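**Q** Chain order of the listed sequences is E and W. Under our numbering, the letters of the first sequence match residues 3 to 325, in that order. Under our numbering, the letters of the second sequence match residues 35 to 283, in that order. Built from N, CA and C at the ideal position, the CB exists for glycine as well. Values in this document were obtained by computation on a predicted structure and should not be read as measured data.
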Amino acid sequence: MIRLIPSTVGLALVIAAIVLLPGVATALHQPFWISIGTRILIVGIAVISLDLVVGHAGLPSFGHAAFFGAGGFTAGILSVQAAADPSSALLQLIGSEAAVSWPLAAAVAGLFGLLFGALALRTRGVNFLMITLAFAQMLYFVFVSLPTYGGDEGVRLRQTQHLFGRDISDPLVFYYVVAAMLIGTILGMRMLMVSRFGRVLASCRQNERRTRFLGYRTDLYLLLAFALSAAGGGLAGALMANHLRYVSPQMMSWFQSGEFLIMNVLGGLASSYGGLLGAAAFIVLHETFLSFTEYWEVVLGIGLLVFVFANPGGLARLLADRR
Amino acid sequence: MSQPLLRIEGLRKSFGALAATNDFSLDIPTGETHALIGPNGAGKTTLIAQISGELRPDAGSIQFAGEDITALTIAQRVERGISRSFQISSILPEFTVLQNVAIAVQATEGHSFRFHGDPWRDPRVQDPALRCLEAVQLASKAHVIASELAHGEQRQLELAMALALKPRLVLLDEPTAGMAQEDARRIQALLRRLKTGLTMLLVEHDMDLVFALSDRVTVMVYGKAVSSGPPEQVRADPVVREAYLGDFP
Numbered sequence: 003m004i005r006l007i008p009s010t011v012g013l014a015l016v017i018a019a020i021v022l023l024p025g026v027a028t029a030l031h032q033p034f035w036i037s038i039g040t041r042i043l044i045v046g047i048a049v050i051s052l053d054l055v056v057g058h059a060g061l062p063s064f065g066h067a068a069f070f071g072a073g074g075f076t077a078g079i080l081s082v083q084a085a086a087d088p089s090s091a092l093l094q095l096i097g098s099e100a101a102v103s104w105p106l107a108a109a110v111a112g113l114f115g116l117l118f119g120a121l122a123l124r125t126r127g128v129n130f131l132m133i134t135l136a137f138a139q140m141l142y143f144v145f146v147s148l149p150t151y152g153g154d155e156g157v158r159l160r161q162t163q164h165l166f167g168r169d170i171s172d173p174l175v176f177y178y179v180v181a182a183m184l185i186g187t188i189l190g191m192r193m194l195m196v197s198r199f200g201r202v203l204a205s206c207r208q209n210e211r212r213t214r215f216l217g218y219r220t221d222l223y224l225l226l227a228f229a230l231s232a233a234g235g236g237l238a239g240a241l242m243a244n245h246l247r248y249v250s251p252q253m254m255s256w257f258q259s260g261e262f263l264i265m266n267v268l269g270g271l272a273s274s275y276g277g278l279l280g281a282a283a284f285i286v287l288h289e290t291f292l293s294f295t296e297y298w299e300v301v302l303g304i305g306l307l308v309f310v311f312a313n314p315g316g317l318a319r320l321l322a323d324r325r
Numbered sequence: 035m036s037q038p039l040l041r042i043e044g045l046r047k048s049f050g051a052l053a054a055t056n057d058f059s060l061d062i063p064t065g066e067t068h069a070l071i072g073p074n075g076a077g078k079t080t081l082i083a084q085i086s087g088e089l090r091p092d093a094g095s096i097q098f099a100g101e102d103i104t105a106l107t108i109a110q111r112v113e114r115g116i117s118r119s120f121q122i123s124s125i126l127p128e129f130t131v132l133q134n135v136a137i138a139v140q141a142t143e144g145h146s147f148r149f150h151g152d153p154w155r156d157p158r159v160q161d162p163a164l165r166c167l168e169a170v171q172l173a174s175k176a177h178v179i180a181s182e183l184a185h186g187e188q189r190q191l192e193l194a195m196a197l198a199l200k201p202r203l204v205l206l207d208e209p210t211a212g213m214a215q216e217d218a219r220r221i222q223a224l225l226r227r228l229k230t231g232l233t234m235l236l237v238e239h240d241m242d243l244v245f246a247l248s249d250r251v252t253v254m255v256y257g258k259a260v261s262s263g264p265p266e267q268v269r270a271d272p273v274v275r276e277a278y279l280g281d282f283p
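#1: Report all residues from its chain with a CB closer than 7 Å to the CB of E/L194; omit the five preceding and five following residues, and keep chain order.
#2: Taking 7 Å as the limit between beta carbons, can you name the residues of its chain near E/A229, skipping five residues before and five after?
#3: Assuming E/V180 and E/L15 are in contact, meaning their beta carbons sit under 8 Å apart, how far apart are those beta carbons, in whole angstroms?
#4: Can you have a look at W/R90 and say buried or exposed, based on whether 16 or more other CB atoms are within 10 angstroms of its CB?
#5: On the criterion of 16 or more Cβ atoms from any shown chain inside 10 Å, does E/M183 qualify as buried, or is it exposed?
#6: Specify the secondary structure class of W/Q97 as computed by DSSP and reduced to three states.
#7: DSSP state of E/S205, grouped into three classes?
#8: Hey, how far is the Cα of E/A232 from the Cα of W/V253?
#9: Would you say the region 309-321 of chain E touches the region 48-55 of chain W, given that touching needs at least three Cβ pairs under 8 Å?
#10: Just verifying my parser: in three-state terms, what is the DSSP assignment at E/N266?
#11: Quick one: using the 10 Å Cβ neighbour count with 16 as the cut-off for buried, is E/A243 buried or exposed?
#12: Answer with yes or no whether the minimum CB distance from W/R118 to chain E is below 8 Å.
#13: Which residue marks the beginning of the alpha helix (DSSP H) containing E/I188, and which one marks its end?
#14: CB W/V139 to CB W/P157, shorter than 8 Å?
#15: Kindly give me the distance between the Cβ atoms of E/V55 and E/A281, rounded to whole angstroms, as I take these residues to be in contact under 8 Å.
#16: When the distance is taken between beta carbons, is E/F75 closer than 8 Å to E/F143?
#17: What are the residues that DSSP puts in a beta bridge with E/R168?
#18: Counting C-beta neighbours from all protein chains within 10 Å, is the total for W/R155 16 or more, i.e. buried, or is it exposed?
#19: Closest to W/L193 by C-alpha separation, out of W/F98, W/Q121, W/T64, would be which residue?
#20: For W/P283, which of helix, strand or coil comes out of DSSP?
#21: Could you tell me which chain W residues have their CB closer than 9 Å to the CB of E/L61, listed as they occur along the chain?
#22: Cβ closer than 8 Å: which chain E residues qualify as neighbours of W/Q140?
#23: My assumption, with CB atoms under 8 Å, is that W/Q222 sits in contact with W/L243. Please give the rounded CB distance.
#24: So, is E/I4 buried or exposed, given that buried needs 16 or more other C-beta atoms within 10 angstroms?
#25: Can you tell me which of E/V110, E/L135, E/A108 puts its alpha carbon nearest to the alpha carbon of E/L121?
#26: Run the CB neighbour count on W/H185, radius 10 Å, all protein chains shown included, and call it buried at 16 or more, exposed below.
#27: List the residues that DSSP assigns as beta-bridge partners of W/H68.
#28: To be precise: take each residue of the region 203-222 of chain E, compare its Cβ to all Cβ atoms of chain W, and keep it if any distance is under 7 Å. Which residues remain?
#29: Which residues in chain E have a C-beta closer than 9 Å to the C-beta of W/V178? List them in chain order.
#30: May I have the straight-line CA-CA distance separating W/D240 from W/M213, to the nearest angstrom?
#31: Which residue's Cα is closest to the Cα of W/S86: W/P63, W/R114, W/P127?
#32: Return helix, strand or coil for W/R118, following the three-state DSSP convention.
#33: In this structure, how does DSSP classify W/N56 when only helix, strand and coil are distinguished?
#34: Could you give the uninterrupted runs of the beta strand (DSSP E) lying entirely in the region 124-159 of chain W, keeping only those of 3 residues or more?
#35: Please classify W/S36: does DSSP put it in a helix, a strand, or coil?
#36: Could you tell me the distance, in whole angstroms, from the CA atom of W/S146 to the CA atom of E/N209?
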């Protein structure tokens, strides 16, 4: 196993890179990097939260996009409602205040997670994967056929976003707000993975039957992990809605779920910031190769195969980001 | 009359036409080491699965310390003090040996919906875990990754995990399965030391171990108890010799 540097040093490097990126982008006259950076950080939150289920608990979830989309649409719908009724102070507040709409988006996605998880966790393995996929597709088709919220077209967010009353629509400000959420997610994950709860999840991943015979009600631990993961996905969705000022059912498509999974594996399963590395690698490669060839997925696919066989621990393992 | 720790009455479990447990009854008093022997397919592992809560019996009842536990979940039975080991070693391969036992100790603390603080740096978890490893003579391997243990050592680890749950009754499903003679004797010596203060139900094919350790033996054939009593009595029982122990010393 290649271990370049200890985990805490890796974390410090990652945080330094996040903080310094806008400065570097400005110095090199590449303001576009800030926008891509914001997207990477948001997707990073989604992938890290997915890793709680896939990596730490060992459940192959193929429906994470549903929660990403649920969070996105929560923010989007609130914004549309606020725009439709400018006289309602309450709607104005909910629709434009991130301190309200983001936690709400996470809660809505978390509730979907509880519901889907309670049913999907009656199975394991490939069946679990198929059921999570089926639930995500159901939600996708519900939103595609909702004309009120744009149907296939999606909805545009018209409210200016505020956080505790302060305007955060400036790209640089928004970048740092997202960065703070991401770093919070990483630190939360690091706390969780070594806690009693995290150890039980790791035990389930290795041998659920044994864990059950130690007296743990494994279903409940896995369900909570699934709901927390969904809430994280929902938060990322709301951030993405604010970033793009637009949400569409495409956020919930199985293609999006697949991309999250690829990024998770690429970044490293059962890590803390691996999801961010996976998201960064995937999005940067995407942007780079897309300018050369339309068939960049072929290149990515082959590259991913080679990388994963050579490095089963993913990018994070190179930074020793495990246990 | 003191009640037995475990009382099984009229237990039945069928898989299609096969009666794996066929009107099986058994009492195990506190402190007894009870061996369950019988030919392959007699239903021993199925019985263990019903006592530990993995399988629901079709009929009959299981009482533990006077309480009917027939309908309880696995977790509820573990909480009341029933722990088990497995016929095929069942450990947590990525954890170290100590961490395997620590997660078992952690299970005795009540629920683990706790999100802050590392149990592996908590002496309230680590110290008891280490003591369990000492009890099975595996403390020297505490920091070895469990999957790297030899087969015999994995069986010792399983014992430590079962003990860490502070059980009142330990169900041991073939603790020496697949072991070399030498390792099996080591486990035998270990169980001999552990049996004081523990109640054990032991499924085993190793007759040397069964007759050296057990206070009573039950012979199971086709899901039924055909004989039950002290080892010498069972050994001499003509029914047993006919049914099972043909090649017996």
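**A** So, from the data block:
#1: Around E/L194: G200.
#2: Correct list, in chain order: G112, G115, L116, G119.
#3: Actually they do not touch by this definition, with Cβ atoms about 19 Å apart.
#4: The residue is exposed, with fewer than 16 neighbouring Cβ atoms inside 10 Å.
#5: Per the 10 Å Cβ criterion, buried.
#6: In the displayed model, W/Q97 falls within a strand according to three-state DSSP.
#7: Correct three-state label for E/S205: helix.
#8: Rounded to whole angstroms, E/A232 to W/V253 spans 52 Å at the Cα level.
#9: The region 309-321 of chain E vs the region 48-55 of chain W: no contact.
#10: Correct three-state label for E/N266: helix.
#11: E/A243 should be labelled buried.
#12: True, the Cβ-Cβ gap to chain E drops below 8 Å.
#13: Looking at the DSSP string, the run of the alpha helix (DSSP H) that includes E/I188 is 173-196.
#14: No. Outside cutoff.
#15: Incorrect: roughly 16 Å between the Cβ atoms, too far for contact.
#16: Remark: C-beta atoms of E/F143 and E/F75 do not approach each other more closely than 8 Å.
#17: Its beta-bridge partners are E/L165.
#18: Sixteen is the threshold: since fewer than 16 other Cβ atoms of the shown chains lie within 10 Å of the Cβ of W/R155, the residue is exposed.
#19: Each of W/F98, W/Q121, W/T64 was checked against the Cα of W/L193, and the nearest Cα belongs to W/Q121.
#20: At W/P283 the pLDDT is 44, less than 50, meaning the model places this residue with poor confidence and gives no usable figure here.
#21: For the C-beta of E/L61, not a single chain W residue is nearer than 9 Å; the gap to the nearest is close to 16 Å.
#22: For W/Q140, the chain E residues whose Cβ falls inside 8 Å of its Cβ are R198, R201, V202, in order along the chain.
#23: Under the criterion of beta carbons closer than 8 Å, W/Q222 and W/L243 qualify as touching, at roughly 5 Å.
#24: In this prediction, E/I4 has a pLDDT of 43, which is less than 50 and means its spatial position is unreliable; what the coordinates show is noted afterwards. With fewer than 16 Cβ atoms within 10 Å of its Cβ, E/I4 is classed as exposed.
#25: With respect to the C-alpha of E/L121, the residue from E/V110, E/L135, E/A108 having the closest C-alpha is E/L135.
#26: Taking all protein chains in view, the Cβ of W/H185 is surrounded by fewer than 16 other Cβ atoms within 10 Å, so the residue is classified as exposed.
#27: In the DSSP assignment, W/H68 is bridged to W/L235, W/R250.
#28: Within the region 203-222 of chain E, S205, Q208, N209, R211, R212, R214, F215, L216, G217, Y218, R219 place their CB atoms closer than 7 Å to a CB of chain W, listed in sequence order.
#29: Residues of chain E with a Cβ closer than 9 Å to the Cβ of W/V178 do not exist, since the nearest Cβ in that chain sits about 15 Å away.
#30: Rounded to whole angstroms, W/D240 and W/M213 show a C-alpha spacing of 10 Å.
#31: The option with the nearest alpha carbon to W/S86 is W/R114.
#32: In the three-state DSSP reduction, W/R118 falls in the strand class (E or B).
#33: It is a strand residue.
#34: Segments of the beta strand (DSSP E) lying fully in the region 124-159 of chain W: there are none.
#35: It is coil, neither helix nor strand.
#36: Going from the Cα of W/S146 to the Cα of E/N209 covers about 17 Å.
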